[in-house]
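Take a look at the structure below.
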Amino acid sequence: MEEVSETRSQTELNRLRWRSRRGMAELDVLFVPFFEEAFDALNAEMKEVYARMLDEEDPELWSWFSEQSAPNDPQYRSLVSLMLSRVRPNDS
């Protein structure tokens, strides 16, 4: 039973990895490295938020990540902020 669950989890991760590839190169450079390098460190709730965010349309996502607008969902705002913090130079 545990093996089936593990296989299902791996299948779900593979789907998320694939869905992290967007239709815009500008979003690919945010989502793909974030998934590969930081997704595992997210808590279960934020992993669900990430999966939900992947359902959004690319123009909407680009608007958030280019800071032209902010998501209404506070969980999305937190995740956008976290993802952007990984690519911004430190001000120190």
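Counting in the numbering used here, the sequence shown runs from 140 upward without gaps.
Ideal Cβ placement from N, Cα and C applies to all residues, glycine included.
For clarity, every value in this text was computed on a predicted model and none was experimentally measured.
| Check | Outcome |
| --- | --- |
| Residues near residue 163 in its chain [Cβ-Cβ closer than 7 Å; skip 5 each side] | 197 and 201 |
| At least three beta-carbon pairs within less than 8 Å, the stretch 205 to 221 to the stretch 183 to 190 | yes |
| Proximal residues to residue 159 (C-beta, below 6 Å), its chain only, five neighbours per side dropped | 170, 171 and 174 |
| Option nearest residue 192 by Cα separation, candidates 225, 214 and 176 | 214 |
| Environment of residue 203 [buried if 16+ CB atoms lie within 10 Å] | buried |
| Local conformation of residue 154 per DSSP, three classes | helix |
| Under the three-state DSSP convention, the category residue 208 falls into | coil |
| CA nearest to the CA of residue 194, picked from 150, 148, 153 and 161 | 161 |
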